Structure formats: structure tokens, C-alpha cells
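**Q** Let me give you the structure first, and then I'll get to my questions.
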DNA sequence: CATACCTCCAAGTCCCACTTATACTGGTGC
DNA sequence: GCACCAGTATAAGTGGGACTTGGAGGTATG
């Protein structure tokens with residue numbers, strides 16, 4: 008087995024024409040070069056160099072080996088270069104999967120910051136909700152899955168989050184839920200309400216997991232919500248409330264980039280939070296570009 | 008510094024998708040593979056593999072490295088292949104330089120035998136006499152120099168052969184000198200003659216070194232030869248003798264492939280020999296093709 | 001629930017690569 | 001002709017690293 012180290016030495020010897028000169032170039036002692044060449048000739052099975060006293064000349068086998076060495080070492084250098092670029096954030100692609108409608112403000116901000124910080128990296132964005140996004144993560148279809156969870160649900164049914172325990176869970180943002188009532192609603196002016204105050208209202212719920220959570224919270228408050236509509240689409244929820252068809256509890260972030268028409272937000276008591284987290288695999292968390300993107304998500308949340 | 012050994016393991020891991028399977032393929036234990044991959048990731052500065060429990064997947068950096076590894080390992084294999092071909096006499100070129108007119112029978116026989124024994128090797132032939140051929144040998148313009156020497160000259164003037172003492176001198180053939188006299192000469196019928204018998208004849212001499220030797224031998228016999236002609240070309244010597252212009256002392260080998268016209272050979276007493284030797288550099292003697300060619304020269308001389 | 005398979009970790013052993021020191025050789029100066 | 005210099009080969013010693021063995025932990029599969 009020919010070793011790349013030997014080829015490097017051989018090339019330098021061929022270039023300089025001397026063991027000592029090659030040793031100086033390579034930063035080692037002359038006997039080291041001598042021994043490596045001996046070992047290489049041993050494994051080659053034929054002399055590679057002719058020592059004629061004054062000068063060092065290549066045999067035919069030596070010439071052949073040097074000829075190949077150039078290409079091999081160039082390939083090695085290119086490989087190191089490319090890997091170093093990925094390791095040094097001068098290259099690399101991150102595939103991010105976010106929950107639908109969670110990418111309205113947080114993700115764009117993080118993407119912009121990532122591009123500014125590491126212009127040569129590329130981040131692709133796709134939408135999926137757990138458990139689909141987790142599946143994608145495990146299948147290698149993405150590096151980061153952005154998801155959310157409700158602490159209350161996690162406490163009540165830990166098995167629902169069981170498949171996260173071998174993942175890296177990076178908390179990004181905790182997002183308080185606010186109430187949304189039609190303009191002119193009796194609570195619209197109050198600016199604040201307890202869940203119990205909305206016990207008799209028709210409710211507009213969000214995604215299935217949000218709906219489950221809503222039921223859980225309301226039951227803690229002593230009532231079971233009457234849910235008339237449920238949709239994954241937050242603008243649709245706002246529209247429904249605006250049309251006076253019911254009330255809703257929405258994460259604050261979903262209202263950050265829109266101004267609800269015909270509806271008013273009210274502070275909900277007690278405080279209930281949605282926790283937005285970025286998920287990845289332990290090994291992937293150590294990939295520079297992935298780590299950088301996680302950092303950018305966290306920074307974006309801080310603003 | 009990425010090592011080829013690591014790339015080989017990485018490629019196998021990528022191919023089989025498992026450390027254990029790769030270890031089996033490579034003939035080592037699984038921890039060995041595990042450690043090598045760890046070391047490679049260390050030097051790469053980023054994870055190359057994602058362990059998801061059931062399967063092993065490549066990261067982007069891992070994919071890049073495998074992509075390069077294919078070419079690098081192919082280059083290494085090609086290099087080993089070519090060197091092994093040279094070492095195994097399935098390739099290789101030998102440049103042989105022979106003294107002029109010494110290549111009439113010995114060299115052709117050896118070349119034919121070499122081609123028969125190792126058809127894939129190539130031997131080129133050039134003509135030059137020492138010290139020119141020695142210079143070519145030292146300059147790297149040939150691998151084998153075929154030359155001859157006269158033991159008497161070597162004993163009388165050792166400094167003439169001083170520049171051979173760091174060379175490999177392989178005796179190939181000792182070639183007795185025979186006398187050549189015109190047909191009808193008084194000694195032609197005798198079949199044998201002493202040098203002294205030819206003291207009064209006009210002489211035809213060969214190359215400068217042969218001429219020097221002839222003078223030396225004749226002086227040992229008690230006379231100084233009258234040299235009328237001198238030529239490097241043995242057929243010319245034979246022609247001159249055949250034309251009755253003088254007598255000559257020729258190595259037996261020069262008459263092996265020609266039948267002198269108008270001249271007769273006579274045994275010369277005392278016996279005087281020319282020693283044909285093959286010269287090469289110590290390192291070159293260990294090159295398989297060179298060694299094989301030396302052997303073929305020796306075998307050719309035995310016939 | 002037991003089994004089989006795979007990976008990681010820790011410890012021990014052995015080998016190999018490099019260094020230092022020294023002898024030897026050839027070319028070069030006075 | 002002799003000493004000097006540069007370069008190479010060799011020997012001995014040392015340190016690191018690569019592999020093995022042995023064991024623990026975890027995950028699919030029967």
C-alpha cells in the first residue's frame with residue numbers, strides 16, 4: 008500500500024534533487040526522508056532513485072510514481088480544500104424544514120442573517136410539521152427541523168415527545184398566546200381576559216396539535232371549548248374571528264407581521280406559552296453550517 | 008493531512024453503510040474502523056457521518072470526501088499497478104549502450120532472449136565506447152553499458168579503469184584473440200603462430216584501445232608492431248587483411264558471424280583475451296528489467 | 001422478553017516513524 | 001595533497017499512534 012505521505016516526500020525529492028533539501032522543505036530531518044524513500048522502494052519492489060554521488064535521479068518506476076503522485080496529491084489537496092471550506096463556513100448547504108406558518112418572521116430574519124454572516128453557505132427551506140419533519144430529519148432529508156411544543160402537553164403526555172429525546176433540541180423562542188376577539192366584543196375593550204371569560208364563546212382552533220392544547224388549557228380553566236372551526240392557516244383564523252364567528256387563542260408571533268382586521272387582541276390570563284424549538288441530530292449539530300444556522304435562529308428570536 | 012488509508016475506510020463505510028461490514032471487508036476489527044473515522048473527522052474538522060442508530064449516512068462533507076476519494080484511490084491503484092508492472096517485468100525499458108561492432112552476435116542474441124522471456128519490456132540499443140558510454144551511464148542516458156577490457160592493460164595501467172570501481176561490473180564473456188593473415192601467407196597453413204612470428208608483418212589495428220593493447224602485447228613478445236592501418240570497423244580490418252595489406256589480431260567473437268574472404272585465421276600463442284563486461288550503476292542493477300537484461304547478456308554469452 | 005447486531009469506550013500492546021548521533025563518501029577549497 | 005563541507009546511510013532510542021481485546025449500551029427482531 009502506497010501512502011500519500013511517501014508520495015509527497017518523493018515528489019519533493021524529485022523536485023529538489025536531494026534528500027536534505029527535501030527534508031528542509033518538508034520540515035523534517037534528512038534521515039526521515041531517507042527512511043521514507045527506503046520504505047517506498049521496499050513497497051514498490053524496485054528502486055525509484057539512482058544515487059550517483061553528486062545527483063539524485065529517478066528511475067523509470069520513480070518517474071511513473073512521480074507522474075501519478077502529482078495527480079494524487081492534487082486530488083488530496085482539493086479534497087482537503089473542499090472539506091475545509093465546509094468546515095470553515097465558506098461552503099455548505101443546510102436544509103431547514105419549518106412548521107407551516109411558523110416561518111413568517113423568525114425564519115426570514117434568520118435566513119437573512121445567515122446570508123449576511125456566511126454568504127457562501129446555502130440554506131434551503133421546506134415546510135412540514137412534526138412528526139413529518141422529524142421523519143425527514145431522521146431520513147436525512149433535512150438538517151434542521153423547526154417545530155413547536157406546548158409545555159402543558161409535554162407534561163401531560165410525555166409520550167408525544169418521546170421521539171425527541173435522542174435529538175438535539177435547541178429552544179429558540181417562547182411565544183405567549185394572546186386572545187383574539189371580534190371588534191366590538193364585550194372583552195375587546197378590556198384588553199385582558201381569563202380563559203374562563205371565554206367559556207361560552209364559539210372557538211376557532213388552529214392545527215390539530217394546537218387544538219388539542221387548547222382543549223387541555225380550557226379544561227384546566229374549568230370548561231370544554233365549543234370549537235366551530237379549525238384550520239392550519241393562521242390568517243384564516245384571524246379572518247374568521249374578524250368576521251365575528253368566534254374567538255381564538257393565537258401565538259403572539261403569528262400577529263407580529265399582520266394587523267388583524269375586524270378583530271382585537273386581548274391579553275390572556277393565566278399566561279400560556281408555545282415553545283418554538285429547532286431540532287437536529289447530535290452529529291449534525293456539530294456540522295459548522297448547521298450550528299451556525301441554529302445560532303442564527305436563536306439570534307433572530309432575540310430580536 | 009488526509010491519509011489514503013482513511014479514505015479507503017471511508018469509501019468502504021459509505022459503500023456498506025456500516026462500520027462492522029466495512030471492517031469485515033477490510034479485514035480488521037470494527038473498533039479500528041470506528042477509530043479511523045473518528046480520526047478522519049478530527050482532521051476534517053466536521054462530522055462526515057451521521058449515526059442515526061439504524062443506518063449510517065454521509066454528511067455533505069462526507070459526500071465530498073467520498074467523491075474525491077474515488078479518484079484519489081483510483082490514482083493510487085493505477086500508480087501501484089504501473090510500478091508493479093515494472094517490478095514484475097511486465098513493463099519497463101532498458102537502454103543498452105554497446106561498444107561499436109561488439110553487438111554483432113552477443114547483443115542480438117540477448118535482445119531476442121529478453122524479448123522472449125519478457126515480451127512486454129523494451130530494450131533500446133545505442134553504440135558508444137568507453138569512456139563515452141560510462142559518461143552516458145552516469146548521466147542517466149542509459150542503464151547498461153557493454154564494454155570490454157584487456158586484462159593486460161588493466162594490470163599495467165589500473166588508472167585507466169579507475170572510474171569503474173563504483174560501478175557494477177558483470178563479466179559476460181572472455182574472448183580469445185585470433186590472428187588473421189592473408190590467404191597464401193606462409194603461416195596460413197600452420198593454423199597457429201606466436202606473436203613473434205608476426206614481428207615483421209605490417210599490422211592492421213582496431214580501435215584506439217585495441218591498438219594500445221596490441222602494442223603492449225607485441226612488446227611483451229619482444230617487438231614493436233608496424234601498424235599501417237587502424238580502423239574501428241572490424242569488417243574493414245578483415246577486408247584489409249583479405250587484400251593482403253597486413254595481418255591482424257581480432258577477438259574471436261568478431262569472426263563468429265562473418266566468414267573472412269581472402270583471409271585465414273590462425274591460433275595465436277600465447278593466449279590473449281578480451282574481457283567483455285556489462286556495466287551498470289549499483290542502484291540500477293536492482294531494477295528488475297536491468298537485472299534481467301544483464302542475465303540475458305550472460306546467458307547469450309554462454310551459447 | 002430474549003436474542004442478535006451494532007456502536008462506542010477503555011485499556012493494553014505492539015509497531016512504526018521520527019529524532020539524535022555517527023560513520024562514510026564525494027566534491028572543493030587552500 | 002590535505003583538510004573542509006555537504007550529503008547520505010546506518011544504528012539506537014523514544015514517543016505516539018494504530019490495532020486488538022473486553023465490556024457496556026442501545027436498537028431492531030423473533
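Protein chains in written order, with the working numbering: chain A, 8 to 310; chain B, 8 to 310. Where is the CB? At the ideal position from N, CA and C, for every residue including glycine. These numbers were taken from a predicted model, which means no experiment stands behind them.
With 8 Å as the threshold, decide whether the Cβ of residue 309 of chain B is near any Cβ in chain A.
**A** To locate residue 309 of chain B, count along the second chain from 1; it is residue 302. Under the 8 Å criterion on CB atoms, residue 309 of chain B is classed as non-interfacial with respect to chain A.
**Q** Listed from N- to C-terminal order along the chain, which residues in the stretch 68 to 83 of chain B have their beta-carbon within a distance smaller than 8 Å of any beta-carbon of chain A?
**A** 68, 71, 72, 75, 76, 78, 79, 82, 83
**Q** Is there contact between the stretch 234 to 242 of chain B and the stretch 202 to 212 of chain B, where contact requires at least three CB pairs shorter than 8 Å?
**A** yes
**Q** Using only CA atoms, which one of A/50, A/106, A/129, A/257 lies nearest to residue 96 of chain A?
**A** By 1-based counting over the first chain, the position of residue 96 of chain A is 89. Answer by Cα proximity: A/129.
**Q** Measuring alpha carbon to alpha carbon, tell me which of B/216, B/186, B/28, B/223 ends up nearest residue 208 of chain B.
**A** As a first step, residue 208 of chain B must be located in the second chain, where it is residue number 201. Out of B/216, B/186, B/28, B/223, B/186 has the C-alpha closest to the C-alpha of residue 208 of chain B.
**Q** With residue 237 of chain B as the anchor, note down where its beta strand (DSSP E) starts and where it stops.
**A** The residue labelled residue 237 of chain B in the question sits at position 230 within the second chain. 233 to 237 is the extent of the beta strand (DSSP E) around residue 237 of chain B.
**Q** Counting only beta-carbon separations shorter than 8 Å, does residue 9 of chain A have a partner in chain B?
**A** Position 2 of the first chain, counted from the start, is the residue given in the question as residue 9 of chain A. So yes, residue 9 of chain A belongs to the interface.
**Q** Can you pull the chain B residues whose beta carbon is under 7 Å from the beta carbon of residue 295 of chain A, in chain order?
**A** Within the first chain, the letter at position 288 stands for residue 295 of chain A. Per Cβ cutoff of 7 Å: 53.
**Q** Could you tell me whether the Cβ of residue 93 of chain B comes closer than 8 Å to any Cβ of chain A?
**A** Along the second chain, read from residue 1 onward, the residue named residue 93 of chain B stands at position 86. Yes - at least one Cβ of chain A is within 8 Å of the one on residue 93 of chain B.
**Q** Near residue 131 of chain A, what residues of its chain come up, given a Cβ to Cβ distance below 8 Å and the 5 sequence neighbours on each side ignored?
**A** As a first step, residue 131 of chain A is located in the first chain; it is residue number 124 there, counting from the start. Within the same chain, residue 131 of chain A has close Cβ partners 100, 101, 102, 103.
**Q** In chain A, what lies closer than 8 Å to residue 34 of chain B by C-beta?
**A** Sequence index remark: in the second chain, residue 34 of chain B carries index 27 (1-based). Those within 8 Å of residue 34 of chain B in chain A number zero; the least Cβ separation is about 12 Å.
**Q** Taking DSSP's pairing of strands, which residues face residue 111 of chain B in a bridge?
**A** Numbered from its first residue, the second chain carries residue 111 of chain B at position 104. Partner(s): none; residue 111 of chain B has no beta bridge.
**Q** Using the three-state DSSP reduction, which class does residue 311 of chain B fall into: helix, strand or coil?
**A** Chain B is shown only over 8 to 310; residue 311 of chain B falls outside these bounds and no answer can be derived.
**Q** Quick one, are the C-beta atoms of residue 88 of chain B and residue 107 of chain B less than 8 Å apart?
**A** Here residue 88 of chain B corresponds to residue number 81 of the second chain, with the count starting at 1. Here residue 107 of chain B corresponds to residue number 100 of the second chain, with the count starting at 1. The Cβ atoms of residue 88 of chain B and residue 107 of chain B lie no closer than 8 Å to each other.
**Q** So, with DSSP's three-state summary, where would you put residue 209 of chain B?
**A** For this step, residue 209 of chain B is matched to residue 202 along the second chain. In this structure, residue 209 of chain B counts as strand in the three-state DSSP scheme.
**Q** State the start and end residues of the unbroken alpha helix (DSSP H) segment that holds residue 294 of chain B.
**A** Taking the second chain and counting its residues from 1, one reaches residue 294 of chain B at position 287. Counting along the chain, residue 294 of chain B falls outside any alpha helix (DSSP H), and DSSP gives it neither H nor E.
**Q** Candidates B/190, B/193, B/252, B/257: which alpha carbon is nearest residue 218 of chain B's?
**A** Taking the first residue of the second chain as 1, we reach residue 218 of chain B at position 211. Of the listed residues, the one whose Cα sits closest to residue 218 of chain B is B/257.
**Q** Please report the distance separating the alpha-carbon of residue 252 of chain B from that of residue 276 of chain B.
**A** Translated into positions along the second chain, residue 252 of chain B becomes position 245. Translated into positions along the second chain, residue 276 of chain B becomes position 269. In a straight line, the C-alpha of residue 252 of chain B is about 22 Å away from that of residue 276 of chain B.
**Q** Interface residues of chain A around residue 20 of chain B at Cβ under 7 Å?
**A** Translated into positions along the second chain, residue 20 of chain B becomes position 13. Under the 7 Å cutoff, chain A gives no residues; its nearest Cβ is about 14 Å from residue 20 of chain B.
**Q** DSSP state of residue 155 of chain B, grouped into three classes?
**A** Taking the first residue of the second chain as 1, we reach residue 155 of chain B at position 148. In the structure shown, residue 155 of chain B sits in a strand (DSSP, three-state: E or B).
**Q** If we define contact as Cβ-Cβ less than 8 Å, is residue 142 of chain A a contact residue for chain B?
**A** Counting from one through the first chain, the residue named residue 142 of chain A turns up at place 135. Cβ-Cβ to chain B under 8 Å: no for residue 142 of chain A.
**Q** Going by the CB atoms, is the gap between residue 194 of chain A and residue 204 of chain A shorter than 8 Å?
**A** For the purposes of this step, residue 204 of chain A is taken as the residue at position 197 of the first chain. For the purposes of this step, residue 194 of chain A is taken as the residue at position 187 of the first chain. Result yes, Cβ atoms of residue 204 of chain A and residue 194 of chain A sit closer than 8 Å.
**Q** With burial defined as no fewer than 16 other Cβ atoms inside 10 Å of the residue's Cβ, what is the status of residue 230 of chain A: buried or exposed?
**A** Within the first chain, residue 230 of chain A is the residue found at index 223, counting from 1. Residue 230 of chain A should be labelled exposed.
**Q** Report the three-state DSSP secondary structure of residue 133 of chain B (helix, strand or coil).
**A** On the second chain, residue 133 of chain B is found 126 positions in, with the first residue counted as 1. Strand.
**Q** Just how far apart, CA to CA, sit residue 248 of chain A and residue 268 of chain A?
**A** For this step, residue 248 of chain A is matched to residue 241 along the first chain. For this step, residue 268 of chain A is matched to residue 261 along the first chain. Spanning the two alpha carbons is a distance of roughly 9 Å.
**Q** Work out the CA separation of residue 147 of chain A and residue 243 of chain A for me, nearest whole Å.
**A** For this step, residue 243 of chain A is matched to residue 236 along the first chain. For this step, residue 147 of chain A is matched to residue 140 along the first chain. Their Cα atoms are separated by approximately 33 Å.
**Q** Can you tell me whether residue 8 of chain A is buried or exposed? The criterion is at least 16 other CB atoms within 10 Å of its CB, across all chains shown.
**A** As a first step, residue 8 of chain A is located in the first chain; it is residue number 1 there, counting from the start. When all chains shown are included, residue 8 of chain A counts as exposed.
**Q** For residue 16 of chain B, collect the residues of the same chain with a Cβ closer than 8 Å to its Cβ; drop the 5 residues on either side in sequence, then sort them by chain order.
**A** Counting from one through the second chain, the residue named residue 16 of chain B turns up at place 9. The residues are 29, 33, 40, 43, 44, 47.
**Q** For my contact list, residue 299 of chain B and residue 121 of chain B are in at a C-beta cut-off of 8 Å; report their separation, rounded to the angstrom.
**A** Position 292 of the second chain, counted from the first residue, corresponds to residue 299 of chain B. Position 114 of the second chain, counted from the first residue, corresponds to residue 121 of chain B. At roughly 7 Å, the Cβ-Cβ gap stays under 8 Å, so residue 299 of chain B and residue 121 of chain B are in contact.
**Q** Report the three-state DSSP secondary structure of residue 220 of chain B (helix, strand or coil).
**A** As a working note, residue 220 of chain B is residue 213 in the second chain. The answer is helix: DSSP assigns residue 220 of chain B an H, G or I state.
**Q** Counting only beta-carbon separations shorter than 8 Å, does residue 147 of chain A have a partner in chain B?
**A** Position 140 of the first chain, counting from 1, holds the residue named residue 147 of chain A. Yes, residue 147 of chain A lies at the interface with chain B (some Cβ there is under 8 Å from its Cβ).
**Q** What are the start and end residues of each continuous beta strand (DSSP E) run of 3 or more residues lying completely inside the stretch 37 to 106 of chain B, in chain order?
**A** Taken in chain order, the whole beta strand (DSSP E) runs of length 3 or more contained in the stretch 37 to 106 of chain B are 56 to 58, 63 to 65, 100 to 105.
**Q** Pick helix, strand or coil for residue 310 of chain A, following the three-state DSSP scheme.
**A** Numbered from its first residue, the first chain carries residue 310 of chain A at position 303. Secondary structure at residue 310 of chain A: coil, using DSSP grouped into helix, strand and coil.
**Q** Distance, Cα to Cα, residue 37 of chain B vs residue 20 of chain B?
**A** Locating residue 37 of chain B in the second chain gives position 30, where the first residue counts as 1. Locating residue 20 of chain B in the second chain gives position 13, where the first residue counts as 1. Their backbone Cα atoms lie some 11 Å apart in a straight line.
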